[in-house]
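Heads up: the structure comes next, in structure tokens.
There are 2 protein chains.
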Amino acid sequence: MSTADATETALAAGGDVLVVFTPSGRRGRVARGTTVLQAARELGVDLDSVCGGRAICGRCQVTLSEGSFPKHGIESRPEHLSDFGGNEVDYHAVTGLAQSRRLGCSARLLGDAVIDVPPESQVHRQVIRKRTEVHDLAVDPLVHLHVVEVSPPNMHEAVSDLRRLEEELEFEWALTGLSCDPQVLGKLQAVMREGNWQVTVAVFQQREIIAIWPGYHNTALGLAVDVGSTTIAMHLIELTSGQSLASVGRMNPQIRFGEDLMSRVSYVMMHPGSEQDMSRVVRQTLTELVAQVCQETDSNVDDILDCAFVGNPIMHHLLLGFSPVELGGAPFALATDSAITMPAHELNLGLNRGARCYVLPCIAGHVGADCAAVVLSEAPYLRKEMTLLVDIGTNAEIVLGNRDRLLAASSPTGPAFEGAQISGGQRAAPGAIERVRIDRETLEPRFRVIGCDLWSDDPGFEQAVATVGISGICGSGIIEVVAEMYLAGILSSDGVIDGNLSQYSARVIADGRTFAFVLHKGDITVTVTQNDVRAIQLAKAALYAGIRLLMDKLGVEEIDRIRLAGAFGSHIDVKYAMVLGLIPDCELGNVTSAGNAAGSGAHIALVDVNARREIEKEIRKIEKIETAVESRFQEHFVEAMAIPHKSAQFAQLSKAVTWPTRITGAKTQALTGTRRRRRR
Amino acid sequence: MSTADATETALAAGGDVLVVFTPSGRRGRVARGTTVLQAARELGVDLDSVCGGRAICGRCQVTLSEGSFPKHGIESRPEHLSDFGGNEVDYHAVTGLAQSRRLGCSARLLGDAVIDVPPESQVHRQVIRKRTEVHDLAVDPLVHLHVVEVSPPNMHEAVSDLRRLEEELEFEWALTGLSCDPQVLGKLQAVMREGNWQVTVAVFQQREIIAIWPGYHNTALGLAVDVGSTTIAMHLIELTSGQSLASVGRMNPQIRFGEDLMSRVSYVMMHPGSEQDMSRVVRQTLTELVAQVCQETDSNVDDILDCAFVGNPIMHHLLLGFSPVELGGAPFALATDSAITMPAHELNLGLNRGARCYVLPCIAGHVGADCAAVVLSEAPYLRKEMTLLVDIGTNAEIVLGNRDRLLAASSPTGPAFEGAQISGGQRAAPGAIERVRIDRETLEPRFRVIGCDLWSDDPGFEQAVATVGISGICGSGIIEVVAEMYLAGILSSDGVIDGNLSQYSARVIADGRTFAFVLHKGDITVTVTQNDVRAIQLAKAALYAGIRLLMDKLGVEEIDRIRLAGAFGSHIDVKYAMVLGLIPDCELGNVTSAGNAAGSGAHIALVDVNARREIEKEIRKIEKIETAVESRFQEHFVEAMAIPHKSAQFAQLSKAVTWPTRITGAKTQALTGTRRRRRR
């Protein structure tokens, strides 16, 4: 008997068959001959489909994992599914189907069967929510594509094109009560005719038709955007898979109005209405980035249907065209601390007119949507461990707590950790000194520069560094040089550069009434002045005091894990951060970089509707602490000025950061006496 | 005992009092000393207030209609309400309070009382829904103003300005789950501070904050707009009272693309994309009309918060920026037949960015939102009588039925009734001949011209008409001249001009192979040609056939009332319409003008949310008849070409329209013999 005959015979038998879907475990009886896709729908199984069963999209792929399981009263049949054929052959020829894969819309159930739905065929991916690993991502986007074939209009029934489309969307996709973006309505008729009555629509939140294409369309993209005061980063993401296709970045053009946040706010205070100019330039840059990321990936800008934005409160307000002046002074009132969902065209980014955008909520006047994104990405509210999240920018945003309780604050660190307001300071960019070691005996420093893999005393360093040059010192370099200066005895515990050493080393020089340490001499000379040390002391004391204040509020003395977010967190050597006393004691192995957690949070919010609801809910529960009104903050601040900060781990840490085993010259023996004396 | 003492004494007594509100009849007990406004809220009585009890808005005015009604167990007290004083004295000094009126927010209940809430103090006016009289209007607008005092921000609680505003709106006005238009968010902070934490917000549908003003603001305006193919009419309306403040109108600038609807559609077909130009010019004119109506009424454009638009399907599509090409040919598919609610800025009218707009639904490809507005205004679906609504434009939109069943169709009358495609035809404008009488003996015509009260044979007519001139003949003039030509024997029953009469009267002249009637000789000569008569015959036959088709479908032979909407309906003498057979037989007294019913419908939809839901629901129930596919339509059409159409009322009617009693010269005796002969 041929297979076609077998299918016929099976169908002729009529009746129903038992089908079990894995991994959901849903099961039930359906009429023999039902397609797997239809059976999945009847039984409420999460099986994807964009084309609605037309064997075009390939989203409904399944595997027969078992057939003809014995069951009382039902004859065991060898035929579980109809033969691979027809539409599947065509699809396989054009697109290719992996071994043993079937199209759910084409394969028909002829006998009892267990059908496995692989993860990529599920609309709502069943992922373990371990979001501290950004690689695990729940994908449940707000925008879905649906292909429908609409009946043509006829003279006998006056039913508008939109209504016939809506009726089909209800019939095929169970979408009811849809509204339609006016922009889509404007091209609806032409598109329906161009597609010969087959169209693909993008539906936002099962509520609104926001885009339409003729025929079958399979691409829905989104943007995750982190608007930093220095850098704007944009990620182009496939909404259906959640995968990032490309990332682009550019300097924030608002820098022309002010280098740091506060100077931009001051600018607006001095030039009322200039917030509109700042909005315009940042949106213009976003528009250019959209074009760039589309060009790099050969994507169509009209396929971008959703965006998620994060940024600190001032960037948040300026992106949206709100004046940031209230954020420039007490009581630092936000315009809103709710998430914002709106048409993207409000931001004028040149996207598809129906595209939507989502701006994550700010937490407080100093704790922004970027911090909310970090919280979403790190999800401390799901953990038992007491977790500290630190995101260092112009201010440090601090979140401390666990699933029971979460506190947030901002510490006024100033921009020293970003390399600003430091004499040789600069941003972490090629040419910046990022690593420093000082010989305990000779006081000679060696360093590494971003963009060059060699240490400054390695052979060939000069040639290697020639292309990037040495232009200054960045945040992590400053942390290290100050810590090393202390460990080498150049700095006292209260942060004074020891002028006596100028007798022994040309590196220590007079600088007015105080002294300075010459880190590098060249086209550009990089020195660490007494003021620089003070700036770092103030910054690290502010950060530590903020963290300590939250620990007091929570009544904890121990922190289980520390996650450092952002560029600073990626570059810094945590040992030095602990030597200097930026962060409280914690197992070194539990202090880790969270990478670009704000960007990850935007990515998560972009592709998962549940994540949006989750962070909106969690943000409301976070207790906001305003350091400026807490007297304990001042106390902690004063205490934390010393170097090192009294740390149980200091001995261990200072060992960890001593000069590496590489032997240094012993020619500075002369200094030893003096230095031992100072080390009393 | 002084009155103040009496109040104190009453309050000291504590306990509660019984209060009855009229006309609602709601009653209940409230604590002694409760304000009337608070009592109304507790008991669910509809008592308005914008200022939330601050004695500013004066919306909560009430009258004490009875006090101290005897009741068992409660001592009868002379004091029912606290004395007129404090806030009321201030309000009276500034704004004035009518005799016996009290402010509900200030007057406190000291004893049992019956309180009357006058209609103007009710949010939802209790009106009898007899909307066939446009003067009775239910007022329940979608936008409401609310005054609140928000607490200033403080350092100890990081709560955003929007959230504190929302909390106050919930506390004072029970508004929950509000969203906020991004545009409002942008100015929220400045406005709250400018108003020293007192602001007025406009809330759309208890759902979204769409506008905000510092301090107390009491004006909410709306626009009702009828976008006609010839004329655009705009009415500025106070949303709270429903009253019209002013009306302005202007020619539709799309006329430069085509005189009538079909020529505009043809233009778009010939010039793809030009629908955008047509949208732009109509929106530009709307923008200018907004400025004009605001200037005339000294209104602030930012106070306009809602608009309602009506128009025929092609005007509807062009207003919204949709291409009308599908409406230019079978099967005449609308883009949408749903109502559209959207931000008004989608239409670019220069309104407050938060303003909303509502576009009434179209019914079918030829039956537009203007017809929906007529249906809303006339509400045949509420009536027992079989009602015929006729709105004549380029096509005639016809609605027939009653509360049981309603049918709609469009008849292809062409533009003849509008004076187009008639040799001397023009729109109803100054200088157009609108009334015509022809002497049965002499065949000499007399006429009246729009803009001049005299008949053409009245003394002083020439001087009186000099300022406007005589420029042509409008729709009603054509109807009358054709009917009079028939009655005077110039036209045969099948519509042929009798060339023999050229021997007897210089008014009948040869015109190629046919003949014409010279109505007026002057700078511009107005003649009625055989082609003109044919055009009117075709138009009237189309209209009649459409009506007759609907009567067949409904199975009725009698129509109880006929309402003629629009300019044509206002100008036409219904007797002549019936002589010519435009409309079926009906008691003459029951054939009336519906005035500007489309504009009234827009007005109703603007100020009453329930009316919007009502017309959306009723429109869906209307049965749409496409005349083009009905063979019966052709039959009726052919039958209806004759003049007069066989009418039971013809004899009576022809008497009604004979030459008035004024005696005419007898000098045309010579003609009599011939004419009698023709009248066999």
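For the protein sequence lines, the chains are S and D, in the order given. Last residue of the first sequence: number 680 in the working numbering, and the count goes up by one each step with no gaps. Last residue of the second sequence: number 1360 in the working numbering, and the count goes up by one each step with no gaps. C-beta: ideal position from N, C-alpha, C; glycine also.
Tell me whether residue i sits in a helix, a strand or coil according to DSSP, three-state version.
i, result
"R930 (chain D)", "strand"
"N1370 (chain D)", "Shown here, chain D extends from 681 to 1360; a query on residue 1370 (chain D) therefore has no answer."
"I74 (chain S)", "Only weak support exists for where I74 (chain S) lies, its pLDDT of 40 falling under 50; the coordinates are left without a value."
"M278 (chain S)", "helix"
"E939 (chain D)", "coil"
"V725 (chain D)", "coil"
"R739 (chain D)", "coil"
"Y216 (chain S)", "coil"
"F447 (chain S)", "strand"
"V1254 (chain D)", "helix"
"F332 (chain S)", "coil"
"T967 (chain D)", "helix"
"P1110 (chain D)", "coil"
"R26 (chain S)", "coil"
"C1037 (chain D)", "strand"
"T702 (chain S)", "The shown model of chain S, from 1 to 680, leaves out residue 702 (chain S), and the question about it has no answer."
"S1362 (chain D)", "Outside the displayed span of chain D (681 to 1360) sits residue 1362 (chain D), for which this structure offers no information."
"V1318 (chain D)", "helix"
Out of the options, which has the shortest C-alpha to C-alpha gap to residue i?
i, options, result
"V199 (chain S)", "S:S151, S:D181, S:R353", "S:S151"
"A541 (chain S)", "S:A577, S:V556, S:E558", "S:A577"
"G311 (chain S)", "S:G499, S:D260, S:V367", "S:V367"
"L400 (chain S)", "S:R41, S:N352, S:E378, S:G589", "S:E378"
"G111 (chain S)", "S:A31, S:G104, S:M269", "S:A31"
"V716 (chain D)", "D:G705, D:Q741, D:S704", "D:Q741"
"P1110 (chain D)", "D:E768, D:E976, D:C1132, D:S1103", "D:C1132"
"Q869 (chain D)", "S:F84, S:T413, S:A333", "S:A333"
"L1086 (chain D)", "D:E1065, D:D978, D:I1170, D:G1073", "D:E1065"
Do residue i and residue j have their C-beta atoms within less than 8 Å of each other?
i, j, result
"V203 (chain S)", "L175 (chain S)", "yes"
"G581 (chain S)", "A640 (chain S)", "yes"
"L1244 (chain D)", "S1280 (chain D)", "no"
"A355 (chain S)", "A344 (chain S)", "yes"
"L318 (chain S)", "Q243 (chain S)", "no"
"L239 (chain S)", "L178 (chain S)", "no"
"V139 (chain S)", "V607 (chain S)", "yes"
"V114 (chain S)", "V20 (chain S)", "yes"
"A787 (chain D)", "S762 (chain D)", "yes"
"P1041 (chain D)", "A1076 (chain D)", "no"
"Y1038 (chain D)", "A1100 (chain D)", "no"
"V465 (chain S)", "L519 (chain S)", "no"
Assuming the contact rule is C-beta atoms closer than 8 Å, residue i and residue j should be a hit. Round their C-beta distance to whole Å, please.
i, j, result
"V871 (chain D)", "V928 (chain D)", "That belief does not hold up - the Cβ atoms of V871 (chain D) and V928 (chain D) are roughly 30 Å apart, past 8 Å."
"S695 (chain S)", "T1016 (chain D)", "What is shown of chain S runs 1 to 680, which leaves residue 695 (chain S) out entirely."
"I1043 (chain D)", "I1299 (chain D)", "6 Å"
"V1254 (chain D)", "P1324 (chain D)", "Not a contact, Cβ separation roughly 14 Å."
When you check each C-beta in the segment 301 to 323 of chain S against every C-beta of chain D, which residues fall closer than 8 Å? Closer than 8 Å at the C-beta level to chain D, one finds these residues of the segment 301 to 323 of chain S: L320, G321, F322, S323.
Using a Cβ-Cβ cut-off of less than 7 Å, list which residues of the segment 1303 to 1325 of chain D approach chain S; keep chain order. From the segment 1303 to 1325 of chain D, only K1304, E1306, A1308, V1309 have a Cβ closer than 7 Å to chain S.
Which residues, in chain order, does the segment 354 to 366 of chain S contribute to contact with chain D at a C-beta distance below 8 Å? Listed in chain order, the positions of the segment 354 to 366 of chain S with a beta carbon within less than 8 Å of a beta carbon of chain D are C362, I363, A364, G365.
Against chain S, which members of the segment 1007 to 1026 of chain D pass a CB distance test of less than 8 Å? The segment 1007 to 1026 of chain D vs chain S, Cβ under 8 Å: A1010, P1011, F1012, A1013, L1014, A1015, T1016, D1017, S1018, I1020, M1022, E1026.
Anything in the segment 865 to 878 of chain D with a Cβ closer than 7 Å to a Cβ of chain S? List those residues in chain order, please. Result list: L865, G866, L868, Q869, A870.
Between the segment 205 to 216 of chain S and chain D, which residues of the former have a C-beta closer than 7 Å to a C-beta of the latter? Answer in chain order: no residues at all.
Give the residues from the segment 840 to 861 of chain D that approach chain S closer than 9 Å (Cβ to any Cβ), ordered along the chain. From the segment 840 to 861 of chain D, only S840, D841, L842, R843, R844, E846, S859, C860, D861 have a Cβ closer than 9 Å to chain S.
Mind listing which residues of the segment 137 to 156 of chain S have their C-beta closer than 9 Å to chain D's C-betas, in chain order? Hits within the stretch, in order: P152, P153, N154, M155, H156.
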